[in-house]
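Chemist: Residue numbers (the numbering used here): 639 to 746.
Quick reminder that beta carbons are idealized off the backbone N, C-alpha and C, glycines included.
Questions regarding the structure given below will be posed in turn.
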Amino acid sequence: MDIDIDALSLRELRDLQARIGRAIATFEERRKKQVLAEVEDFLRERGFTLSEVTAIAAAPRRGRPKAAGTPRYANPANPAQTWSGRGRKPRWFAEAIAAGADPETLRA
């Protein structure tokens, strides 16, 4: 679309500027709607609906149970630093063990 802006009047230029501003402001929303329509068509061709697919994605995952509510180990130098005994060992715990501390002495 070629527009000879030199041939436009001031009123036409301001109108064009307003239209461009609105197009820029709504561009992302229009693009999202376009992509959503394409995704819905893709799913419909395969016998699914968007709500069916998003329900699967939103379903709770079975995973490892949460660690117990109370921590198993506490840093003697800073009791606010605790560890449940699961996952990566905190630095303070690893350093204490490396220094010869018994894990039982670090129990909370």
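Since R710 contacts R745 with CB under 8 Å, what's their CB separation in whole angstroms?
Modeler: Locating residue 710 in the sequence shown gives position 72, counting from the first residue. Locating residue 745 in the sequence shown gives position 107, counting from the first residue. Indeed, because the Cβ distance is near 6 Å, the residues count as touching under 8 Å.
Chemist: Confirm, please, whether the CB-CB distance from A732 to T720 is below 8 Å.
Modeler: As a first step, residue 720 is located in the sequence shown; it is residue number 82 there, counting from the start. As a first step, residue 732 is located in the sequence shown; it is residue number 94 there, counting from the start. It is not a contact, given that the beta carbons lie outside the stated cut-off.
Chemist: What's the C-alpha gap between F753 and G659?
Modeler: It is not possible to answer for residue 753, since the shown part of the chain is limited to 639 through 746.
Chemist: Please confirm whether any heavy atom of the ligand NAD lies closer than 7 Å to the CB of S722.
Modeler: As for the ligand NAD, it is missing from this structure, which has no ligand bound.
Chemist: Could you check how far apart the C-beta atoms of L681 and V691 are, in whole angstroms? I think they sit under 8 Å.
Modeler: The residue labelled residue 681 in the question sits at position 43 within the sequence shown. The residue labelled residue 691 in the question sits at position 53 within the sequence shown. Indeed, because the Cβ distance is near 6 Å, the residues count as touching under 8 Å.
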